[in-house]
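A.B. asks: For the sequence shown, the numbering used here assigns the number 5 to the initial residue and increments by one for each residue that follows.
Glycine included, each C-beta is placed from N, C-alpha and C at the ideal position.
Bear in mind the structure is a predicted one, so any value in this text is a computation, not a measurement.
Structure below; questions to follow.
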Amino acid sequence: MSTAFSLEGLLRLRRLQKDQAAAEVAQARNRAADTLRRKRQARDLLSLTEIEHGSVDTVHSIAAARASSASMLADLTALEEDQRVEVERARVAHAAAHGKALGLEKLEARHGEASALAALRADQIVIDEVSARAWHLAQGEVTP
Numbered sequence: 005m006s007t008a009f010s011l012e013g014l015l016r017l018r019r020l021q022k023d024q025a026a027a028e029v030a031q032a033r034n035r036a037a038d039t040l041r042r043k044r045q046a047r048d049l050l051s052l053t054e055i056e057h058g059s060v061d062t063v064h065s066i067a068a069a070r071a072s073s074a075s076m077l078a079d080l081t082a083l084e085e086d087q088r089v090e091v092e093r094a095r096v097a098h099a100a101a102h103g104k105a106l107g108l109e110k111l112e113a114r115h116g117e118a119s120a121l122a123a124l125r126a127d128q129i130v131i132d133e134v135s136a137r138a139w140h141l142a143q144g145e146v147t148p
């Protein structure tokens with residue numbers, strides 16, 4: 005007869021925490037990828053802008069647009085670094101949650117093995133008793 009794993013509730017909680025941490029890593033990576041995509045688009049936009057020799061107002065407008073785009077690119081670069089840090093923080097949190105769950109999973113496996121071994125021992129005891137009784141009956145030592 006096997007007993008229930010006494011830390012099952014805690015193990016379930018640790019697995020939920022690990023899953024939540026994995027989801028946070030995925031979300032952080034998605035945000036970082038989105039920022040990288042936006043940064044590449046801004047960089048491509050800056051490289052495609054050509055200044056035509058036109059009026060002074062046109063040149064000033066184009067220069068202002070380029071300055072604004074360059075500022076946006078700098079902001080995206082800063083955001084990219086922040087998100088890189090966030091991805092690393094989420095990855096470390098996931099690794100910690102995984103480690104906590106892994107320890108309990110190993111305990112659960114050992115508990116399962118011990119329960120199975122105890123059940124096999126109990127079965128063997130019953131088999132030995134039946135066999136011994138049958139042998140003694142065959143020898144005429146015990147009455148049925």
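#1: Our contact map puts L77 next to R47 with C-beta atoms below 8 Å; I'd like the distance itself, whole angstroms only.
#2: Answer yes or no: do L50 and A74 have a C-beta to C-beta separation smaller than 8 Å?
#3: Where does L77 sit, in a helix, a strand or coil, going by DSSP?
#4: Can you look up S10 in the DSSP assignment and give me helix, strand or coil?
#5: By how many angstroms is the C-alpha of R41 removed from the C-alpha of L8?
#6: Let me know the secondary structure DSSP gives S51 once reduced to three states.
C.D. replies: Short version:
#1: 6 Å
#2: yes
#3: helix
#4: coil
#5: Per the sequence presented here, residue 8 reads as Ala, with Leu not at that position. The straight-line gap from Cα to Cα measures roughly 50 Å.
#6: helix
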